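Single-structure report; data block below.
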Amino acid sequence: MKQVLVAGATGYLGRHVVAAFHDRGFTVRALARTPENLSAPGRFLAPAVNDLADEVFKGEITRPETLQGVCDGVDVVFSSIGITRQRDGLSFMEVDYQGNRHLLDRALAAGVTKFIFVSVFKADHLPHLAPARERFVAELKQTGLDYAILRPTSYFSDMTAYLEMARAGRVFLLGDGQHRINPIHGADLAQRCVDAVHEDSREIAVGGPASYCHADIARLAFAVWRRPVKMTKLPVGTIRLLVRLMRPFSPQCHAMANFFATVLQQDFVAPPCGSKMLGPYFAAMAAALTPATPVAGEGNRSAARSIT
Numbered sequence: 012m013k014q015v016l017v018a019g020a021t022g023y024l025g026r027h028v029v030a031a032f033h034d035r036g037f038t039v040r041a042l043a044r045t046p047e048n049l050s051a052p053g054r055f056l057a058p059a060v061n062d063l064a065d066e067v068f069k070g071e072i073t074r075p076e077t078l079q080g081v082c083d084g085v086d087v088v089f090s091s092i093g094i095t096r097q098r099d100g101l102s103f104m105e106v107d108y109q110g111n112r113h114l115l116d117r118a119l120a121a122g123v124t125k126f127i128f129v130s131v132f133k134a135d136h137l138p139h140l141a142p143a144r145e146r147f148v149a150e151l152k153q154t155g156l157d158y159a160i161l162r163p164t165s166y167f168s169d170m171t172a173y174l175e176m177a178r179a180g181r182v183f184l185l186g187d188g189q190h191r192i193n194p195i196h197g198a199d200l201a202q203r204c205v206d207a208v209h210e211d212s213r214e215i216a217v218g219g220p221a222s223y224c225h226a227d228i229a230r231l232a233f234a235v236w237r238r239p240v241k242m243t244k245l246p247v248g249t250i251r252l253l254v255r256l257m258r259p260f261s262p263q264c265h266a267m268a269n270f271f272a273t274v275l276q277q278d279f280v281a282p283p284c285g286s287k288m289l290g291p292y293f294a295a296m297a298a299a300l301t302p303a304t305p306v307a308g309e310g311n312r313s314a315a316r317s318i319t
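Mapping of the sequence shown onto my numbering: residues 12 to 319, in sequence order.
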């Protein structure tokens, strides 16, 4: 039985990965800065996983002194560590690159046999998309350690932004909203991550089973809330200018805005994987947000499914 370390276990994907490795019979060690968070469900319907981890290791990836022994006895390291929302004043380079580098150093010292890392679809061809993560990827490849790089298009959790805008009454689109994307549910992506343990593939692009243009995702969100469709299309040139103006004032916000602007300006469709569809996920999220209202009723779930 292989032992796996899951770094990022309290995050959206990390929780699903803990569950997937547990279900496949692995011994799971979960790395968490705040272990008590594993006992409660996470955001975006991610499961509680405290009871699914065989061991919980308390440590902080940006503080290497807290990682002593984290990889001892481990066969496989999985990491989805990275900044998804600005917090703690930390930079992408400190977390996405240096934090993962600290973990890699521990893995090499402990004799880990494989390192599985989650980056971003197309980031290997678009250097500005996720430079800190790709710097880490480049160094991982230099070590001689067996590895797999998962490159998902986007998570269902990211698409919740459309659901929140639709609930407020209006969705803002970049350009005409016709570029396509096939986002993937965390549970489906987690299964693909576990598959990578026994595969020879080292670069794995992956998306969900269905692709949507961004305008269709907006319509799907409005259908869940039973609200009239109201969309505002923002000129691409204006957004690009605003993103550039952000850089001197907040490099971190600029980097995050530039990432999303890049994704929204082109098709992001990767080889399909899994079975979970966005409509039922939106309906479940709506039910979780307003459990006592008619919005989350069966009629709305049916309406959502009809658009998937």
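In this text, a Cβ means the ideal position worked out from N, Cα and C, and glycines have one as well.
Everything numeric in this text was worked out from a predicted model, so none of it was measured.
> Taking just the CA atoms, how far does Arg191 sit from Val60?
Replying inline: 33 Å
> What are the boundary residues of the alpha helix (DSSP H) that includes Arg40?
Replying inline: No alpha helix (DSSP H) contains Arg40, which is instead part of the beta strand (DSSP E) from Thr38 to Ala43.
> If you drop the 5 nearest sequence neighbours on each side, which residues of the same chain put their C-beta closer than 7 Å to that of Val29?
Replying inline: Only Val17, Ala20, Val39, Ala41, Val60, Leu63 and Ala64 meet the Cβ criterion.
>> If distances are taken between C-alpha atoms only, which option among Gly100, Asp116 and Ala43 comes closest to Cys264?
In response: Gly100
> Helix, strand or coil: how does DSSP classify Asp227 here?
Replying inline: Per DSSP, reduced to three states, the secondary structure at Asp227 is helical.
> Just reading off the beta strand (DSSP E) that Phe128 is part of, what are its end residues?
Replying inline: Lys125 to Val129
>> Using only the alpha-carbon positions, how far apart do Gln202 and Pro194 sit?
In response: 15 Å
> Got a sec, what are the start and stop residues for the beta strand (DSSP E) Pro163 sits in?
Replying inline: Asp157 to Pro163
>> Please report the distance separating the alpha-carbon of Phe254 from that of Gly248.
In response: Reading off the sequence shown, one finds Val at residue 254, where the question assumed Phe. Cα to Cα, Val254 sits roughly 10 Å from Gly248.
> Does the Cβ-Cβ distance between Gly93 and Arg144 come in under 8 Å?
Replying inline: yes
> Buried or exposed: where does Val240 fall if 16 or more other Cβ atoms within 10 Å of its Cβ makes it buried?
Replying inline: exposed
> How many angstroms separate the CA atom of Phe147 from the CA atom of Cys82?
Replying inline: Whole-angstrom Cα-Cα distance: 18 Å.
>> Along the chain, where does the beta strand (DSSP E) containing Leu245 start, and where does it finish?
In response: Met242 to Leu245
> DSSP puts Ser11 in a beta bridge; with which residues?
Replying inline: The structure shown does not extend to residue 11, since the chain is modelled only from 12 through 319, so no value can be given for it.
>> At 4 residues or longer, what runs of the alpha helix (DSSP H) sit wholly inside the segment 23-77?
In response: With a minimum length of 4 residues, the continuous alpha helix (DSSP H) runs that stay inside the segment 23-77 are 23-34.
> From which residue to which residue does the beta strand (DSSP E) around Ala179 run?
Replying inline: That residue, Ala179, is in no beta strand (DSSP E); its alpha helix (DSSP H) goes Phe167 to Ala179.
> Counting along the chain, where does the alpha helix (DSSP H) carrying Ala221 start and finish?
Replying inline: Note, Ala221: premise wrong, no alpha helix (DSSP H); not H, not E.
>> With the cut-off set at 8 Å, would you say Leu78 and His113 are in Cβ contact?
In response: yes
>> Which residue marks the beginning of the alpha helix (DSSP H) containing Leu115, and which one marks its end?
In response: Asn111 to Ala121
> For His225, does the count of other Cβ atoms within 10 angstroms reach 16, so buried, or fall short, so exposed?
Replying inline: buried
> Phe132 and Ala281: beta carbons closer than 8 Å?
Replying inline: yes
>> Here's a check: name, in chain order, each residue in its chain whose Cβ is nearer than 6 Å to the Cβ of Phe68, leaving out the five neighbours to either side.
In response: Arg40, Leu42 and Val81
>> Is there a C-beta anywhere in chain C that falls below 8 Å from the one on Leu289?
In response: The structure shown contains no chain C; it holds only a single protein chain.
> Just curious, the alpha helix (DSSP H) that Glu150 is in, first and last residue?
Replying inline: Pro142 to Gln153
>> Suppose contacts are defined by Cβ-Cβ distances below 8 Å. Is Phe279 in contact with Thr164 by that definition?
In response: yes
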